[in-house]
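Chemist: Please see the structure below; I have some questions.
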Amino acid sequence: MDNLIQKVFTPYKINQLEIKNRLIMAPMTRSKSPNSIPGEDVAEYYKRRAEGEIGLIITEGTTVDTPNSSNDINIPTFFGQKSIDGWKRVVEDVHESGGLIFPQLWHQGTMRRAEDTWNPEIKSYGPSGLSSPGKEVAEPMTSDEIEKTIDAFVKATILAKEIGFDGVEYHGAHGYLLDQFFWEGTNIRSDEWGGENLALRSKFASDIVKRSREEVGKEFPLIIRFSQWKQQDFTHKMAESPDELKGFLDTFVDAGIDAFHCSQRRFWENEFDDSPLNLAGWTKKLSNKPVITVGSIGLNVEFVESFNGKPSDIDTDLTDLLNRLNEEEFDFIAIGRALISNPDWAQMLRNNDFSNMKGFSPADLEALI
Ligand code: FNR
């Protein structure tokens, strides 16, 4: 595996940003920001990953400025002076330790159940008020709400640049607001924000990218995370063919996206029949942009089972992953849970020494270790 590991520690660029290796911290909600303000412990948590030589950190989802973007007051906001000051501290600490960091900008849409939140009087919304096909839980968004929500994402992008973040990731995956527009099961609008194909339904998210790009200039890295699967339907494929996927990707390339973060639960699963390529592999081939793969790297249990309480052992045979990286199926590898349990996972890989590596236990989420 030694010679395969070398490639991991070669730099690669997203837009003009050189990332020192191919390892990225996956965005992971921690709900450890009381009153939605990321504190010193959050800064230290990210700093430990930068010290552990992860190439790029993508923060936990942090919510944009609409009253209904979040279901948990402990999820950090990306607005409000105290939160902004908290994020500044995070950025400074990560940079001092030689790391790079993007916030993941998030709106939950209809996945936020108003009645389960600290602000139940505020209604949730989504493209058609649906949380899954046929399941109406909230109001469809008005055109005005759509415009205001796009604005909230654009303002957050501008703010990220001002604070000193190295780029931005939009959370377009896992059945949250942006994904609710993509999915034909949750977007049944007949106006310009809906449409009969995936490319048409990507307008909401690609407008966020386009308008943000106009504001932050050509060089500020903008990336989007997307997934075929939804929390509401793990087997769903919103793009059933490479052609459909290409139509989707093209809207983002035209809008000025710099890279795609392709979320799978298991990175080794092929995306379409008759090809071993995974989602990131197809995305690279069809878009010619840098791509990030993710899903069960270094662990033998996937993350949804972890949420159900199952602990995971380490998986030290990374040959398949590293072969694919060496063959340039994808450019970056995002690590989730393994990096929660092992802040210095990158250094362990570089030294090819797994002797101190820990598996992932759901209890590891209790504190910011
Ligand atoms: C996640 N994941 C996630 N994804 C995302 O896009 N935004 C988020 O805020 C979160 N939050 C989150 C919290 C926790 C505790 C976990 C474990 C996961 C998904 C995550 O980024 C990643 O895609 C999966 O965990 C799969 O990667 P691993 O853990 O198998 O390496």
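What the sequence shown shows, in the working numbering, is residues 10 to 378, in sequence order.
Beta carbons: idealized from backbone N, C-alpha and C, even for Gly.
If you follow the alpha helix (DSSP H) that Glu311 is part of, which residue opens it and which one closes it?
Modeler: Mapped onto the sequence shown, residue 311 falls at position 302. Careful: Glu311 lies outside any alpha helix (DSSP H) and carries neither H nor E.
Chemist: Given this structure, state the Cα-to-Cα distance separating Arg39 from Pro76, to the nearest angstrom.
Modeler: One-based indexing of the sequence shown puts residue 39 at position 30. One-based indexing of the sequence shown puts residue 76 at position 67. C-alpha separation (whole angstroms): 20 Å.
Chemist: Measure the C-alpha to C-alpha separation of Glu382 and Ala59 and round it to an integer number of angstroms.
Modeler: Outside the displayed span of the chain (10 to 378) sits residue 382, for which this structure offers no information.
Chemist: Look up Arg333 in the DSSP assignment and say whether it is helix, strand or coil.
Modeler: Taking the sequence shown and counting its residues from 1, one reaches residue 333 at position 324. Helix, per DSSP.
Chemist: Comparing the CB of Pro36 with every heavy atom of ligand 1, is any distance shorter than 6 Å?
Modeler: Taking the sequence shown and counting its residues from 1, the one referred to as residue 36 is at position 27. Checking every heavy atom of ligand 1 against the Cβ of Pro36, one is found closer than 6 Å.
Chemist: What are the start and end residues of each continuous beta strand (DSSP E) run of 3 or more residues lying completely inside the stretch 185-250, in chain order?
Modeler: With a minimum length of 3 residues, the continuous beta strand (DSSP E) runs that stay inside the stretch 185-250 are 231-239.
Chemist: Give me the Cα-Cα distance between Met357 and Gly89, rounded to the nearest whole angstrom.
Modeler: Against the sequence shown, residue 357 aligns to sequence position 348. Against the sequence shown, residue 89 aligns to sequence position 80. The alpha-carbon atoms of Met357 and Gly89 are separated by roughly 38 Å.
Chemist: Could you check what DSSP says for Thr158 in three-state terms: helix, strand or coil?
Modeler: In the sequence shown, residue 158 corresponds to position 149, counting from 1. Helix at Thr158.
Chemist: Just list the residues that DSSP pairs Ala289 with in beta bridges.
Modeler: As a working note, residue 289 is residue 280 in the sequence shown. DSSP, once it has assigned bridges, lists no residue as partnering Ala289.
Chemist: Could you give the first and the last residue of the continuous alpha helix (DSSP H) run that contains Trp3?
Modeler: As displayed, the chain neither begins before 10 nor continues past 378, which places residue 3 out of reach and without an answer.
Chemist: Three-state secondary structure (DSSP) at Lys319?
Modeler: Numbered from its first residue, the sequence shown carries residue 319 at position 310. Coil.
Chemist: With distances taken from CA atoms, which of Thr119, Thr292 and Asn332 is nearest Ser236?
Modeler: Along the sequence shown, read from residue 1 onward, the residue named residue 236 stands at position 227. Cα-wise, what sits closest to Ser236 is Thr292.
Chemist: Comparing the C-beta of Met120 with each C-beta of chain B, is any distance below 7 Å?
Modeler: Chain labels in this structure do not include chain B; a single protein chain is all it has.
Chemist: Using a Cβ-based criterion (distance less than 6 Å to any ligand heavy atom), does Phe363 qualify as near ligand 1?
Modeler: Locating residue 363 in the sequence shown gives position 354, counting from the first residue. Incorrect: Phe363 has no Cβ contact closer than 6 Å to ligand 1.
Chemist: What do you reckon, is the C-beta of Ala182 under 6 Å from a heavy atom of ligand 1?
Modeler: Looking up residue 182 in the sequence shown gives position 173. Indeed, a heavy atom of ligand 1 lies less than 6 Å from the Cβ.
Chemist: Considering only the alpha carbon of each residue, which of Asp362, Arg57 and Gly304 lies closest to Leu377?
Modeler: Translated into positions along the sequence shown, residue 377 becomes position 368. Per the Cα distances, Arg57.
Chemist: Looking only at DSSP bridge pairs, what is Gln113 linked to?
Modeler: Here residue 113 is taken as the residue at index 104 of the sequence shown, counted from 1. DSSP lists Gly70 and Glu178 as partners of Gln113.
Chemist: Which ranges does the alpha helix (DSSP H) cover as unbroken runs of at least 4 residues, wholly within the stretch 338-365, from first to last along the chain?
Modeler: Taking only runs of at least 4 residues, the alpha helix (DSSP H) segments lying wholly in the stretch 338-365 are 346-350 and 354-359.
Chemist: Roughly how many whole angstroms lie between the Cα atoms of Ala343 and Phe316?
Modeler: For this step, residue 343 is matched to residue 334 along the sequence shown. For this step, residue 316 is matched to residue 307 along the sequence shown. About 19 Å.
Chemist: Can we say the stretch 86-100 touches the stretch 118-133, given the rule of at least three CB pairs closer than 8 Å?
Modeler: Counting Cβ pairs under 8 Å, fewer than three are found: no touch.
Chemist: Spell out the partners DSSP gives Glu145 in its beta bridges.
Modeler: For the purposes of this step, residue 145 is taken as the residue at position 136 of the sequence shown. Looking at the DSSP assignment, Glu145 forms a beta bridge with Leu139.
Chemist: Give a single yes or no on whether Ser350 has its beta carbon closer than 6 Å to a heavy atom of ligand 1.
Modeler: In the sequence shown, residue 350 corresponds to position 341, counting from 1. False, no ligand heavy atom lies under 6 Å from that Cβ.
Chemist: Please state if the CB of Leu288 and the CB of Met247 are separated by a distance shorter than 7 Å.
Modeler: What you label residue 247 is simply residue 238 of the sequence shown in a count that begins at 1. What you label residue 288 is simply residue 279 of the sequence shown in a count that begins at 1. No, the Cβ-Cβ distance between Met247 and Leu288 is not below 7 Å.
Chemist: Can you tell me the Cα-Cα spacing of Gly290 and Arg31, whole angstroms?
Modeler: Indexing the sequence shown from 1 puts residue 290 at position 281. Indexing the sequence shown from 1 puts residue 31 at position 22. Rounded to whole angstroms, Gly290 to Arg31 spans 15 Å at the Cα level.
Chemist: Could you give the residue range of the alpha helix (DSSP H) that holds Leu13?
Modeler: For the purposes of this step, residue 13 is taken as the residue at position 4 of the sequence shown. Its alpha helix (DSSP H) spans residues Asp11 to Val17.
Chemist: Between which two residues does the alpha helix (DSSP H) carrying Glu27 extend?
Modeler: The residue you call residue 27 lines up with position 18 of the sequence shown. Unbroken run through Glu27 is the beta strand (DSSP E), Leu26 to Ile28; no alpha helix (DSSP H).
Chemist: Give the DSSP-derived three-state secondary structure of Lys294 in the structure shown.
Modeler: What you label residue 294 is simply residue 285 of the sequence shown in a count that begins at 1. Lys294 falls in the helix class under three-state DSSP.
Chemist: Check Ala268 in the structure and name its three-state DSSP category.
Modeler: For the purposes of this step, residue 268 is taken as the residue at position 259 of the sequence shown. Residue state, collapsed to three classes: strand.
Chemist: What residue range is occupied by the uninterrupted alpha helix (DSSP H) comprising Ile378?
Modeler: Translated into positions along the sequence shown, residue 378 becomes position 369. No alpha helix (DSSP H) contains Ile378, which DSSP labels as neither H nor E.
Chemist: Given a cut-off of 7 Å, decide if Phe229 and Lys170 are closer than it, judged by their beta-carbon atoms.
Modeler: As a first step, residue 170 must be located in the sequence shown, where it is residue number 161. As a first step, residue 229 must be located in the sequence shown, where it is residue number 220. Yes. Within cutoff.
Chemist: Go to Ile23, then tell me how far its beta strand (DSSP E) extends in each direction, as first and last residue.
Modeler: Residue numbering aside, residue 23 sits at position 14 when the sequence shown is read from its first letter. Run containing Ile23: Tyr21 to Ile23, per the beta strand (DSSP E) assignment.
Chemist: Can you look up Phe261 in the DSSP assignment and give me helix, strand or coil?
Modeler: Locating residue 261 in the sequence shown gives position 252, counting from the first residue. It is helical.
Chemist: Just curious, the beta strand (DSSP E) that Ile33 is in, first and last residue?
Modeler: Numbered from its first residue, the sequence shown carries residue 33 at position 24. Unbroken beta strand (DSSP E) run through Ile33: Leu32 to Met34.
Chemist: Round the Cβ separation of Thr260 and Ser221 to the nearest angstrom and send it over; I've been treating them as touching at under 8 Å.
Modeler: Here residue 260 refers to the residue found at position 251 when the sequence shown is read from its first residue. Here residue 221 refers to the residue found at position 212 when the sequence shown is read from its first residue. Wrong, their Cβ atoms sit about 14 Å apart, outside the cutoff.
Chemist: First and last residue of the alpha helix (DSSP H) that includes Ile301?
Modeler: For this step, residue 301 is matched to residue 292 along the sequence shown. Note, Ile301: premise wrong, no alpha helix (DSSP H); beta strand (DSSP E) at Val300 to Val303.
Chemist: Taking DSSP's pairing of strands, which residues face Thr4 in a bridge?
Modeler: For the chain, the structure presents residues 10 to 378; residue 4 sits outside this window and is missing.
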